[in-house]
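Student: Start counting the sequence shown at 6; every next residue gets the next number (my numbering). Glycine included, each C-beta is placed from N, C-alpha and C at the ideal position. Could you have a look at this structure, given as structure tokens, before my questions?
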Amino acid sequence: MFQWLLLKENALSAAENTVWKESALRIILFSGLLLELVIGTFSVIDAMKVGAYYVLALVLGFFVALMVAVYSAIRRPIIGSAILIATIYAAAFCIVYFVRDTEIAKLGIMFVYTAPLIARIFFGSRLALGLMLINVFPFLLLVFDVPLPRYPSLSSSMPQAHAYIEALLFLFFNVCLPLGVFRLLHALDVAIKRQRTASAELESSHAQYQEIFENAGGAILLCDAQARILKANSQADTMVGRRHGNLTSLFALLAHKRKDGSEKLAADILALQPGQEFQTRDGRLIVIESIAPTAEQHYIVMLRDISQIRRIQEALDRSKERESFLSSHDQLTQLPNRDLLLQQVQGALTSMAARASRRQMALVVLRLDSIKYVNDAHGSFAGDGMIVAFATSLRRLLPADSLCARLRSVVFCFTIESNLDSGDVIPKIEHIRASLPDQITVGREQHRVQFSMAVAFSRPGETSGDELLQRGKIALDAARQSGSQDVAVFDDEAAQQIRRRLNIEQAIVMALRDDELRLVYQPKVTQEGEIVGLEALIRWRSPTLGEVSPAEFIPVAENCGAIHFVTAFVIDHACAYIRQTLDTSGRCLPIAINLSAFDIVRAEILSVVNAACEKYRISPNYLEFEITETGLVGNEHLAIRHLEALNDQGYAITIDDFGTGYSSLQKLSRFPTKSIKIDQSFVAQIGISEKSELIIRAVVSLAKILSCTTVAEGVETLVQEKFLKAIGCQFFQGFYYYPPMEFQQVNQLLQGRG
6 MFQWLLLKEN ALSAAENTVW KESALRIILF SGLLLELVIG TFSVIDAMKV GAYYVLALVL
66 GFFVALMVAV YSAIRRPIIG SAILIATIYA AAFCIVYFVR DTEIAKLGIM FVYTAPLIAR
126 IFFGSRLALG LMLINVFPFL LLVFDVPLPR YPSLSSSMPQ AHAYIEALLF LFFNVCLPLG
186 VFRLLHALDV AIKRQRTASA ELESSHAQYQ EIFENAGGAI LLCDAQARIL KANSQADTMV
246 GRRHGNLTSL FALLAHKRKD GSEKLAADIL ALQPGQEFQT RDGRLIVIES IAPTAEQHYI
306 VMLRDISQIR RIQEALDRSK ERESFLSSHD QLTQLPNRDL LLQQVQGALT SMAARASRRQ
366 MALVVLRLDS IKYVNDAHGS FAGDGMIVAF ATSLRRLLPA DSLCARLRSV VFCFTIESNL
426 DSGDVIPKIE HIRASLPDQI TVGREQHRVQ FSMAVAFSRP GETSGDELLQ RGKIALDAAR
486 QSGSQDVAVF DDEAAQQIRR RLNIEQAIVM ALRDDELRLV YQPKVTQEGE IVGLEALIRW
546 RSPTLGEVSP AEFIPVAENC GAIHFVTAFV IDHACAYIRQ TLDTSGRCLP IAINLSAFDI
606 VRAEILSVVN AACEKYRISP NYLEFEITET GLVGNEHLAI RHLEALNDQG YAITIDDFGT
666 GYSSLQKLSR FPTKSIKIDQ SFVAQIGISE KSELIIRAVV SLAKILSCTT VAEGVETLVQ
726 EKFLKAIGCQ FFQGFYYYPP MEFQQVNQLL QGRG
């Protein structure tokens with residue numbers, strides 16, 4: 006019941022604010038109903054005693070009216086309120102009209118004084134004011150003691166009517182109405198408490214908002230439609246250069262030009278768009294992150310300072326540009342590198358082919374040959390300086406449309422375009438060559454400039470820059486081999502030879518791995534024809550290259566650094582043959598092995614030889630090493646020291662191809678040699694060239710002076726044999742006696758002669 010009367014304030018939303026009205030209405034109606042029930046019952050009993058039956062009708066009428074009002078208060082509170090006011094005026098009228106005693110009747114008019122209060126509570130001020138005006142009329146009746154209207158047939162009054170009316174007034178004014186007002190005051194107290202709580206929460210929320218607004222991690226401004234700054238956090242003030250609290254237009258604080266270059270800004274907030282960049286008067290670069298309208302037709306503008314980010318981005322862009330430049334250019338000379346040159350050449354060739362023009366491209370390749378001497382004498386810093394100076398001079402001499410690049414350390418390249426039928430390309434290239442400096446000054450030193458130059462021409466319809474460059478490199482190799490200072494032009498025959506060398510270089514390591522190399526042995530005989538030794542000769546039959554002569558692949562192996570593997574192969578297989586022969590027959594002839602000039606200066610050459618001998622358990626006197634005179638050129642002291650070490654270990658040393666080198670007698674006197682081999686080029690001229698015969702006589706005489714034996718190689722005729730025997734040559738080698746043979750053939754030969 007109390008829950009029904011005292012509705013809780015949270016039953017409805019605070020915005021509607023009608024809970025307390027309904028509760029007060031129910032309290033007044035319900036208490037009035039109880040009042041009507043109690044007082045009405047007693048008044049009806051007394052009225053029946055005196056025959057005032059109209060009282061029963063009035064009581065029942067008011068009871069029904071209040072019941073209807075209570076019911077309406079549940080369904081439609083506004084109707085219940087209207088019925089309550091109407092009941093009050095009806096009660097006042099009935100008391101005045103049906104009570105005979107004037108003094109008591111006047112008490113009924115007091116009921117109407119409560120109507121404006123109830124009207125204000127439930128209907129508002131207008132109805133309350135209206136009722137207050139209406140209540141003036143009954144008041145005037147009392148003031149001027151105007152006779153009140155009476156029920157005509159009323160002849161007697163109830164003895165307790167005064168008590169009933171007093172009780173009715175007392176209970177209505179002291180119970181019903183106060184209870185309703187109490188409910189109103191309670192609601193007011195609750196509202197005040199709620200307001201205080203809401204105010205405290207609002208203050209806390211405002212403080213939080215202020216903190217968030219101030220420390221949101223970004224610059225925030227509140228602007229009106231004309232872009233005037235109404236509020237801004239400290240970050241925004243600092244960013245746009247605004248004094249705190251100053252009502253300034255946002256546009257007035259920005260530079261007059263946007264970063265995109267457009268002119269003065271429109272003074273309207275709608276002119277701003279997210280993502281636009283602006284510059285403040287102190288040079289900051291800011292970007293509009295977002296613009297959001299508020300309920301008050303204001304706009305929240307979020308800014309971000311991107312000055313540092315933009316500087317980093319610009320630095321990153323410069324770094325990327327630099328990285329891109331370095332990836333396509335030579336860092337030392339700033340010239341394009343090989344990859345960029347190939348792209349440019351391929352683009353130019355493709356364009357020529359697409360236009361089917363009668364144009365050709367001359368690709369010139371240069372090699373700065375003198376740089377090695379500069380590096381060795383003055384260091385790499387001087388060498389780099391010379392390369393830069395040479396590149397600068399070269400670029401200055403070229404036509405504007407020429408492509409120029411540094412292919413690798415000392416190799417440069419440039420292009421010249423011309424008509425197919427034009428003959429001025431070579432003269433232009435020769436002019437560039439002649440114009441290049443003979444000397445370059447680096448620091449305080451002048452260095453002589455020596456270079457090789459070659460040219461290759463594009464072919465009609467050709468689009469491959471790589472093929473053109475490859476032909477240029479082949480032509481440059483040919484120029485370097487020729488030693489000529491002229492500009493070498495690509496030649497197909499020279500290209501074929503160079504390709505052959507490249508194929509040999511690529512295949513030689515595979516040949517060692519796949520056992521394509523083998524040894525053959527050529528006997529060495531005395532004047533009586535007795536075999537006293539063998540020379541191990543290497544042979545190579547390649548599945549792809551066919552028979553490859555040692556004269557062809559040994560120089561290639563020396564140039565590419567594979568000669569050490571070849572020498573190790575020969576030493577190992579020769580020692581294996583010696584071991585096999587000793588195990589089979591108990592004796593073996595000494596075997597001569599040729600050493601390259603690159604092998605002689607190897608620090609580990611003695612350990613390689615000793616390791617092979619230890620591996621196959623053979624004595625050093627079974628091995629003899631042949632070295633050409635050219636092997637002493639270069640690091641002479643190191644070569645002689647290593648040969649002396651071999652000689653001290655018991656390995657015999659022979660000078661091979663004597664007479665073809667440039668050794669002096671002083672060198673020969675220091676050379677730990679056991680024997681001298683006369684080169685076959687001199688032997689072949691016996692009976693033909695008198696000079697060759699004189700040289701051979703001199704060599705034999707020199708060998709006797711040096712206490713060395715002599716071996717003539719390449720003996721192929723009887724005439725050659727007779728001459729050599731006549732002058733005292735001791736040993737012979739050549740097809741006149743025995744050709745190089747496989748080891749099985751040699752063993753059969755030795756067994757047959759034994």
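Do the region 524–535 and the region 736–743 touch if we need at least three Cβ pairs shorter than 8 Å?
Tutor: yes
Student: Is it buried or exposed for glycine 266, if we count other Cβ within 10 angstroms and need 16 for buried?
Tutor: Reliability fails at glycine 266, whose pLDDT of 48 lies under 50, so the model's placement of it is uncertain and the value that follows must be treated cautiously. By the 10 Å Cβ count, glycine 266 comes out exposed.
Student: With DSSP as the reference, label lysine 325 as helix, strand or coil.
Tutor: helix
Student: Identify every residue that forms a DSSP beta bridge with histidine 334.
Tutor: BP columns for histidine 334 point to Pro341.
Student: For the candidate residues Leu174, Thr589 and Asn599, whose alpha-carbon lies nearest to that of leucine 539?
Tutor: Asn599
Student: Where do the N-terminal and C-terminal ends of the alpha helix (DSSP H) with histidine 642 fall, by residue?
Tutor: 641–654
Student: Cα separation between valine 101 and phenylalanine 116?
Tutor: 11 Å
Student: Taking DSSP as the reference, what is the three-state secondary structure of cysteine 3?
Tutor: For the chain, the structure presents residues 6 to 759; residue 3 sits outside this window and is missing.
Student: Do leucine 71 and glutamate 27 have their beta-carbon atoms positioned less than 8 Å apart in this structure?
Tutor: no
Student: If we count the other Cβ atoms within 10 Å of its Cβ and call it buried at 16 or more, is glutamine 753 buried or exposed?
Tutor: exposed
Student: To which residues of the same chain is alanine 358 closer than 6 Å at the C-beta, ignoring the five residues directly before and after it?
Tutor: Around alanine 358, the same chain offers Gly466 and Thr468 as residues with beta carbons nearer than 6 Å, after the five sequence neighbours per side are excluded.
Student: Below 8 Å CB to CB, which residues in the same chain sit around alanine 16 once its five sequence neighbours on both sides are set aside?
Tutor: Because the pLDDT at alanine 16 is just 43, under 50, the model does not fix this residue reliably, and the point stays unresolved.
Student: What's the gap between the Cα of leucine 226 and the Cα of serine 254?
Tutor: Distance between the alpha carbons of leucine 226 and serine 254 is about 11 Å.
Student: Starting from the Cα of serine 332, find the closest Cα among Asp344, Leu321 and Arg323 and give me that residue.
Tutor: Asp344
Student: Please list, in chain order, all residues of the same chain as glycine 534 whose beta carbon is under 8 Å from its beta carbon, the five residues on each side excluded.
Tutor: Tyr742
Student: Taking only the alpha-carbon atoms, compute the straight-line gap between valine 141 and glutamate 216 and give it to the nearest angstrom.
Tutor: 59 Å
Student: Compare the Cα-Cα distances from glutamate 629 to each of Ala396, Ala597 and Ile605 and report the closest residue.
Tutor: Ala597
Student: DSSP state of valine 151, grouped into three classes?
Tutor: coil
Student: Does the region 227–241 touch the region 294–307, meaning 3 or more C-beta pairs lie closer than 8 Å?
Tutor: yes
Student: Once DSSP output is grouped into helix, strand and coil, what is the label at glutamine 451?
Tutor: Of the three classes helix, strand and coil, the one that applies to glutamine 451 here is strand, per DSSP.
Student: Could you check what DSSP says for proline 298 in three-state terms: helix, strand or coil?
Tutor: Proline 298 carries a strand assignment under DSSP once its states are collapsed to helix, strand and coil.
Student: Which residues in the same chain have their Cβ closer than 6 Å to the Cβ of alanine 579, if we skip the five residues on either side of it in sequence?
Tutor: Taking C-beta separations shorter than 6 Å and ignoring five residues to either side along the sequence, the partners of alanine 579 in its chain run Ala541, Ile596 and Ile598, following chain order.
Student: Give the C-beta separation of valine 369 and isoleucine 434 to the nearest angstrom, bearing in mind that I take them to be a contact with Cβ-Cβ under 8 Å.
Tutor: 6 Å
Student: Roughly how far, in whole angstroms, is the beta-carbon of leucine 138 from the beta-carbon of leucine 146, given that I think they are within contact range, below 8 Å?
Tutor: Between leucine 146 and leucine 138 the Cβ distance is about 15 Å, and since that is not below 8 Å, they are no contact.
Student: Going by DSSP in three states, alanine 16 sits in which element: helix, strand or coil?
Tutor: Note that alanine 16 scores 43 on pLDDT, short of 50, meaning its location in the model is unreliable and no value can be drawn from it.
Student: Using a Cβ-Cβ cutoff of less than 7 Å, which residues in the same chain neighbour alanine 124 once the five nearest sequence positions on both sides are dropped?
Tutor: Ile90, Leu132, Ala133 and Leu136
Student: Hey, quick one: how far does the beta strand (DSSP E) through methionine 458 stretch, first residue to last?
Tutor: 456–462
Student: Please name the residue, chosen from Thr678, Glu282 and His642, that lies closest to tyrosine 656 on a Cα-to-Cα basis.
Tutor: The residue with the shortest Cα to Cα distance from tyrosine 656 is Thr678.
Student: What is the rounded straight-line gap between the Cα of tyrosine 667 and the Cα of isoleucine 700?
Tutor: Because the pLDDT of tyrosine 667 is 49, which lies under 50, any placement of that residue in the model is unreliable, and the number read from its coordinates should be weighed accordingly. Answer to the nearest angstrom: the Cα atoms are 14 Å apart.
Student: If you follow the beta strand (DSSP E) that glycine 538 is in, where does it begin and where does it stop?
Tutor: 536–547
Student: Exposed or buried, which one is glycine 4 when buried takes at least 16 other CB atoms within 10 Å?
Tutor: An answer regarding residue 4 cannot be provided, because it is not within the stretch 6 to 759 covered by the chain.
Student: Out of Ile291, Ile296, Ser324 and Arg323, state which residue places its alpha-carbon closest to the alpha-carbon of tyrosine 312.
Tutor: Strictly speaking, residue 312 in this sequence is serine, with tyrosine absent from that position. Residue Ile291 is the option with its Cα nearest to serine 312.
Student: Between which two residues does the beta strand (DSSP E) containing arginine 592 stretch?
Tutor: Careful: arginine 592 lies outside any beta strand (DSSP E) and carries neither H nor E.
Student: Give me the Cβ distance between glutamate 718 and valine 751, rounded to the nearest whole Å; I'm assuming they're in contact under 8 Å.
Tutor: That belief does not hold up - the Cβ atoms of glutamate 718 and valine 751 are roughly 17 Å apart, past 8 Å.
Student: Per DSSP, which one or two residues make a beta bridge with valine 530?
Tutor: Ile536 and Phe737
Student: List, from N- to C-terminal side, the alpha helix (DSSP H) runs of 4 residues or more that fit wholly inside the region 163–249.
Tutor: 166–176, 182–219 and 239–245
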